[in-house]
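Notes follow once the structure below has been shown.
Numbering (the working numbering), first residue to last: 48 to 480.
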């Protein structure tokens with residue numbers, strides 16, 4: 048996830064007219080954002096690698112990994128992400144965004160190499176843990192870089208554009224890696240992805256600066272020397288933090304349904320592994336469109352209108368999951384069911400992504416200050432923790448009670464998250480007036 052600005056940035060400043068910059072500053076600023084876009088997209092492709100390879104891994108008799116065992120591997124990887132959120136959030140505030148994201152990319156590439164060489168379930172579990180831990184560097188690193196380089200009045204649209212990098216990465220992974228998995232098995236694609244990540248990490252480290260060359264910041268956070276203990280106390284005592292945290296926990300659980308979707312499509316609808324992978328790509332494609340548009344809409348509509356729009360979108364996403372629960376018993380032909388699943392996943396991605404990325408990113412930017420990297424990591428860690436706890440048992444629930452029960456439970460989680468997000472956004476809208 049993302050963030051960045053400071054407590055001194057008022058809500059109104061986020062919708063103010065952007066300040067003018069010298070031409071040279073603008074060029075270096077967009078170079079930073081461009082390379083950041085590529086780096087985060089590749090890190091998301093690495094994160095998506097296990098999900099795309101899941102059907103082939105579970106069908107490999109030499110590994111003997113059942114659906115329930117794969118769910119526990121996912122849970123272990125999510126725990127790796129949870130550990131990474133705390134580690135990288137602290138490192139981002141200490142080392143800066145450039146070093147943090149470079150280290151994260153290199154470590155994720157190493158995990159992908161280990162994944163390709165794994166010979167049993169334990170080794171796969173360890174590799175997935177490392178990949179997810181390393182990829183967790185992305186959001187806090189982006190937070191620190193955008194804090195240093197973003198203009199006032201552009202928070203929503205910058206995060207909208209940068210957030211599409213995650214969707215582009217996932218979309219490229221589902222098409223590119225999915226095709227490689229179908230043609231060459233699940234090991235070669237992991238090596239190919241690592242081969243892209245390593246040189247990009249080196250280029251990124253050499254060309255990116257953590258802040259403008261003159262050391263100035265367009266938005267100087269209040270309390271830039273705030274001690275860690277005081278920052279933690281401020282976060283813990285804020286009802287705003289708890290509301291957005293609760294909403295993010297629910298949305299994170301919904302987000303990672305993509306990790307199980309190829310298995311659902313193959314097991315319940317009878318799709319082949321390659322077709323299931325292509326159908327699943329509708330989710331990141333819908334996300335790509337919505338976060339790009341959503342960032343601009345967030346800046347233009349204002350907090351009061353978005354307090355109504357975003358919860359409505361999240362409720363629609365919950366409705367898509369309920370429709371998925373009914374799909375296996377609908378009696379549709381396989382090809383028709385695949386088309387319906389594609390449409391549902393597209394709408395699900397369109398509705399979920401702006402709710403997941405933008406409010407928490409802008410809030411962390413405003414409220415986190417010099418500890419924005421820590422705040423965004425804490426919020427994301429809460430989401431990872433909820434996802435790890437949920438999906439540790441989710442596949443067993445699907446095995447014992449069926450996919451429909453699991454999807455209905457996920458739909459209920461979405462409705463609760465919509466209520467929490469609505470309460471948070473109404474509070475933010477009230478503060479903006």
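Glycine residues also receive a C-beta, built at the ideal position from the N, C-alpha and C atoms.
- Rounded to the nearest whole angstrom, the C-alpha separation of residue 447 and residue 308 is 17 angstroms.
- The three-state reading of DSSP puts residue 105 in helix, counting H, G and I together.
- The beta carbons of residue 237 and residue 163 sit closer together than 8 angstroms.
- Runs of the beta strand (DSSP E) lying entirely within the region 283-310 and spanning at least 3 residues: none are present.
- In this structure the region 410-429 touches the region 124-133; the number of beta carbon pairs closer than 8 angstroms is three or more.
- Rounded to whole angstroms, the gap between the alpha carbons of residue 95 and residue 306 is 8 angstroms.
- For residue 140, the enclosing alpha helix (DSSP H) begins and ends at 114-142.
- With fewer than 16 neighbouring CB atoms inside 10 Å of its own CB, residue 286 falls in the exposed class.
- Looking from the CA of residue 194, the closest CA among 242, 76, 102 belongs to 76.
- Using a 10 angstroms sphere on the CB of residue 187, the tally of other CB atoms reaches 16 or more, which defines it as buried.
- In this model, residue 196 and residue 114 are separated by some 45 angstroms (Cα to Cα).
- Minimum Cα-Cα distance from residue 175 among the listed residues 125, 294, 284, 213 corresponds to 125.
- In the pairwise beta carbon analysis, the region 357-372 is classified as touching the region 293-307: at least three pairs are separated by under 8 angstroms.
- Counted as a single uninterrupted DSSP element, the alpha helix (DSSP H) harbouring residue 371 occupies residues 350-373.
- When the beta-carbon positions are compared, residue 178 and residue 97 come within less than 8 angstroms of each other.
- Residue state for residue 163 is assigned as helix, using DSSP reduced to three classes.
- Collapsing the DSSP output to three states places residue 452 in a helix.
- Residue nearest to residue 350 within the set 409, 331, 421, 315 is 409 (criterion: CA-CA distance).
- Out of 155, 102, 110, 78, the CA that lies nearest to the CA of residue 89 is found in 155.
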